[in-house]
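In our numbering, the protein residues as written are 1 to 222. Note that beta-carbon positions come from the ideal geometry of N, C-alpha and C, so glycine has one too. All of these numbers come straight from a predicted model, not from anything done at the bench.
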């Protein structure tokens, strides 16, 4: 019977640190591979939730809200807005590193839609020009103006009307009245259809997507 004796030259602490350092190297490689695919997956989820949002569905389905706002070519115009919202969703890598010699810190961070909406509201798709040369910032109305009166002394009359932008409605002069967005669809800078969409993304979906992508990478490496 042969007895093999192994002598460890490094202390337990040194060995632990070496193991953790090697783990960070492998994790950073995995994060780099996973990042673009995970970004794509999450953007698909976000687009689905946008299109399922009640306010967005009213616009894309030709509901009353579309007639009130008078958005021309709504599918194309709002499709551009959806694309912009998707592109703002990103997965960023936070480089893994050993902290205190005992644990690893780092991972993947999901950056959602920018809360000031500057890029989206400055898009040509966020507003339109009427035949009278008036700019209608319909998306700003939806996202930031709440239930305040947007057009004074006018009311929306529902058709159909051949002369309207959507064929659904027209604005008529009526002193003392005013047009505003109904409360279910009205939004403020901190509470609008976009913030409500982000709030509906379950953590479990993000965790499952991350687990799936990391497992694929680590299984190929093993």
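Next on the checklist: Across the segment 141 to 160 and the segment 175 to 185, are there enough close Cβ pairs to call them in contact, namely three or more that are closer than 8 Å?
Outcome noted: yes
Next on the checklist: Can you look up residue 81 in the DSSP assignment and give me helix, strand or coil?
Outcome noted: helix
Checklist entry - Are there 16 or more other CB atoms within 10 angstroms of the CB of residue 244, so buried, or fewer, so exposed? => result Shown here, the chain extends from 1 to 222; a query on residue 244 therefore has no answer.
Checklist entry - Between the beta-carbon of residue 193 and the beta-carbon of residue 89, is there less than 8 Å? => result no
Item to check | Alpha-carbon to alpha-carbon, residue 94 and residue 5 | outcome: Note that residue 5 has pLDDT 47, beneath the 50 cutoff, so the model's placement of it is unreliable and the number below is only indicative. Cα to Cα, the separation comes out at about 42 Å.
Item to check | Proximity of residue 104 and residue 24 at Cβ, strictly below 8 Å | outcome: yes
Item to check | Short Cβ contact (8 Å threshold) for residue 288 with residue 79 | outcome: The chain is shown from 1 up to 222; residue 288 falls before or after that span and cannot be answered.
Checklist entry - Does the beta-carbon distance from residue 45 to residue 205 come in below 8 Å? => result yes
Item to check | Pick from 137, 159, 174 that is closest to residue 167, judged by C-alpha positions | outcome: If you compare the alpha carbons of 137, 159, 174 with that of residue 167, the shortest gap goes to 159.
Checklist entry - Do you know offhand how far residue 20's Cα is from residue 102's? => result 8 Å
Next on the checklist: Using only the alpha-carbon positions, how far apart do residue 1 and residue 12 sit?
Outcome noted: Bear in mind that the predicted position of residue 1 carries a pLDDT of just 43, short of 50, making it unreliable; the figure below should be weighed with that in mind. In this structure, the straight-line span from the alpha carbon of residue 1 to that of residue 12 is close to 29 Å.
Item to check | DSSP state of residue 242 mapped onto helix, strand, coil | outcome: Only positions 1 to 222 of the chain appear in the structure, and residue 242 is not among them; the question remains open.
Next on the checklist: At the level of alpha carbons, what is the spacing between residue 9 and residue 28?
Outcome noted: For residue 9, the predicted model reports a pLDDT of 49, less than 50, meaning its position is unreliable; a value from the coordinates is still stated below. Using only the alpha carbons, I get a separation of about 28 Å.
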